[in-house]
Amino acid sequence: MTNTQVTLVQIDNYGPWTVTPEPRREADLQTMQSRLFADISQFVGNRGGYVFFTRFDNMVAVTNGCSLEDHALLQESVGNRYPVTLSLGVATGTSPVQALSDATNRLQEAGSAQDKNRRECLEGRDIDDDHRTDDDVQIAHFDVINATGNYTDELNAFDTFIEIEQGYAELMRHMRYSHDSLSFFVGGDNVIVVCPELTADDYEEAITHVEEAVDVGMQVGVGRGKSAHEAGFEAKHALETCRADGTRVELEWETV
Numbered sequence: 159m160t161n162t163q164v165t166l167v168q169i170d171n172y173g174p175w176t177v178t179p180e181p182r183r184e185a186d187l188q189t190m191q192s193r194l195f196a197d198i199s200q201f202v203g204n205r206g207g208y209v210f211f212t213r214f215d216n217m218v219a220v221t222n223g224c225s226l227e228d229h230a231l232l233q234e235s236v237g238n239r240y241p242v243t244l245s246l247g248v249a250t251g252t253s254p255v256q257a258l259s260d261a262t263n264r265l266q267e268a269g270s271a272q273d274k275n276r277r278e279c280l281e282g283r284d285i286d287d288d289h290r291t292d293d294d295v296q297i298a299h300f301d302v303i304n305a306t307g308n309y310t311d312e313l314n315a316f317d318t319f320i321e322i323e324q325g326y327a328e329l330m331r332h333m334r335y336s337h338d339s340l341s342f343f344v345g346g347d348n349v350i351v352v353c354p355e356l357t358a359d360d361y362e363e364a365i366t367h368v369e370e371a372v373d374v375g376m377q378v379g380v381g382r383g384k385s386a387h388e389a390g391f392e393a394k395h396a397l398e399t400c401r402a403d404g405t406r407v408e409l410e411w412e413t414v
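Using my numbering, the first residue of the sequence shown is number 159, and each one after it goes up by one.
Here it is, written out as structure tokens:
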């Protein structure tokens, strides 16, 4: 059974900060957001986790293996190097959606995202090392079948982007509401999905749904592990099996 630890990363009072004392240059904001995401991703990644940028002022991380002390160190590091601070909500659960909901509630109870008095909150709980297992995290790595041949080499870059985003949006909605999963676009034609304990039939059903809804064909490799890194690496290997064998769904623990 999965036991996903999810952290909601929220920049404190970000909206008001961007227009105080006057509106800041958009290029400067975009640069800061991208650098902040890169630093957070590296920090969490060095501890076996994954971070997804979502809206940049809010990021979602899978942090199995990161203690509350690690989270506090991240806050300190960002506070020392950036003109903004971070609040973090941490929660765990067999459903990634429920874990994120609980992490969100922790921060909402501490104060509004635009409350100037809420600074560097750290709320929630982590998974004790003694209770971690090799099946805690299930990661699915989806990509579009022959995206280069069907889109990149046939359409202009923006129309390709539209087609890929349609597939992602439909997959994201379906996995959220049908399978309690969190899906994140990670570039190119790749989507990483943080899942509860799902079966091969569940993934096949999701692929069929996307294909019927928006005419985008996908394939998926799935892995399990003690951390997001371990599960994600297994998922990458399973996806390579899909590409090599022409299959649509591969579960790494069934291919070894």
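By construction, the Cβ of each residue, glycine as well, lies at the ideal position given by its N, Cα and C atoms.
Taking only three categories from DSSP, how would you classify ASN421? The structure shown does not extend to residue 421, since the chain spans only 159 to 414, so no value can be given for it.
If you compare alpha carbons, which of PHE211, PHE316, THR176 and GLY223 is closest to VAL344? PHE211
Would you mind working out which of VAL407, GLU370 and ALA389 sits nearest ALA358, comparing C-alpha positions? VAL407
Quick check: what's the CA-CA separation for GLY237 versus GLN168? 13 Å
Ordered along the chain, which non-local residues of its own chain (more than five positions away) have a Cβ less than 6 Å from that of LEU340? PRO254 and VAL352
Since LYS274 contacts PRO181 with CB under 8 Å, what's their CB separation in whole angstroms? Actually they do not touch by this definition, with Cβ atoms about 18 Å apart.
Report the three-state DSSP secondary structure of ASN304 (helix, strand or coil). coil
With a CB to CB cut of under 8 Å and the five nearest residues on each side skipped, what residues in its chain are close to GLY269? ASN275, ARG276 and CYS279
Closest to ASP301 by C-alpha separation, out of GLU234, ASP293, ALA396 and ALA315, would be which residue? ALA396
Give me the residue from GLY375, ASP260, GLN272 and ARG334 with the minimum Cα distance to ASN308. GLY375
How many Å lie between TRP411 and ASN161 at the Cα? 18 Å
If we ignore side chains and look at the alpha-carbon of each, how far apart do ARG183 and THR189 end up? 10 Å
With three or more beta-carbon pairs closer than 8 Å as the criterion, would you say the stretch 197-204 touches the stretch 286-294? no
Buried or exposed: HIS222, going by 16 or more other Cβ atoms within 10 Å of its Cβ? Rather than His, the amino acid found at residue 222 in this sequence is Asn. Its Cβ being crowded by 16 or more others within 10 Å, ASN222 is buried.
Cα-Cα separation between ASP228 and THR243, rounded to whole angstroms: One C-alpha to the other measures close to 16 Å.
Proximity winner among SER336, HIS337, GLY383 and GLY325, relative to VAL372 (alpha-carbon distances): GLY325
Presumed contact (8 Å Cβ cut-off) between GLY207 and SER385, rounded CB distance: 7 Å
Hey, which unbroken runs of the alpha helix (DSSP H) at 4 residues or more fall wholly within the stretch 191-256? 226-239
In the stretch 312-382, which residue ranges form an unbroken beta strand (DSSP E) of at least 3 residues, counting only runs that do not cross its ends? 340-343 and 348-353
Can you name, in chain order, every residue of its own chain whose Cβ lies under 6 Å from the Cβ of GLN233, other than the five neighbours on each side? LEU244 and GLU278
Closest by C-alpha distance to LEU166, when choosing among TYR240, ILE320 and SER259: SER259
Proximity below 7 Å, CB of LEU409 to CB of VAL368: no
Pair within 7 Å by beta-carbon distance, GLY381 and ILE303: no
Opposing strand residues paired with GLY282 [DSSP bridges]: Partner residues in the beta bridge of GLY282, as assigned by DSSP, are VAL248.
Do you know how far the Cα of ALA271 is from the Cα of LEU265? 8 Å
Do VAL295 and GLY379 have their CB atoms nearer than 7 Å? no
Classification of PRO354 by the beta-carbon crowding that lies within 10 angstroms, buried from 16 upward: buried
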